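Working notes, structure below.
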Ligand SMILES: C[S@@+](CC[C@H](N)C(=O)[O-])C[C@H]1O[C@@H](n2cnc3c(N)ncnc32)[C@H](O)[C@@H]1O
């Protein structure tokens, strides 16, 4: 599926990986809704929501919108466009809202909270859980422990930024990917650094 001008949306999802995300959402949301951890400005959310439309499913997308460690002032991925000068904080929520409005997507349910807080009394199974939140070991493990258990049998767990080689990228997503393989998931498909596992 071609999503018009998606390359202009700010974010961390290259189009070849985004198209895989679209395809997996389209396939697995027939089993239940999509849960995304790590909205940022909505780039991956837009791929997921387009994938979920056909089955009339929704995407719950969770982010405190304060950015990860690497998005903060003076850090590697700081972006002035999502910096609230008045309050001296990163705030990606306004641009996220603008982006989803542009695509007229009504099947997105934003949850503005930390992943752990949002998971506390969560009780809905998911056809697909996508983990792309904080990339510290603590954050990635917490996201895995909080959300992977909500994937329905036969549903999918998708993890972004898998790098086997520590020279190429952080190891936390790779660690939770290996943990999932040891804990009832099997690999379905992989495109570059994004991987889709199925709960068996
Ligand atoms: C790599 S970005 C997500 C990129 C996005 N999926 C895309 O396609 O552009 C990670 C996001 O996770 C969010 N995040 C980090 N730790 C979080 C936490 N503990 N709870 C909720 N959101 C968190 C950050 O605010 C940031 O927006």
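Residue numbers (the working numbering): 546 to 745. Glycine is no exception: its CB is placed at the ideal position from the N, C-alpha and C atoms. In this text the structure is predicted, and so the values were computed from the model without any measurement.
- Residue 608 is not a Cβ neighbour of residue 631, given a cutoff of 9 Å.
- Between the beta-carbon of residue 644 and that of residue 554 there is about 6 Å, and that keeps the pair under the 8 Å contact cut.
- In the three-state reduction of the DSSP assignment, residue 688 falls in the helix class.
- Pairing residue 692 with residue 659 gives a Cβ-Cβ distance that is not under 9 Å.
- Rounded to whole angstroms, the Cβ separation of residue 745 and residue 729 is 6 Å, and the two are in contact under 8 Å.
- Looking only at 566, 621 and 573, the smallest Cα-Cα distance to residue 743 is reached by 573.
- For residue 583, the secondary structure class from DSSP, reduced to helix, strand or coil, is coil.
- Assignment of residue 718 by DSSP, reduced to helix, strand and coil, places it in the helix class.
- Secondary structure at residue 657: coil, using DSSP grouped into helix, strand and coil.
- Classified as exposed, residue 547 has fewer than 16 neighbouring CB atoms from the shown chains inside 10 Å of its CB.
- Straight across, the Cα-Cα distance linking residue 587 with residue 670 is about 22 Å.
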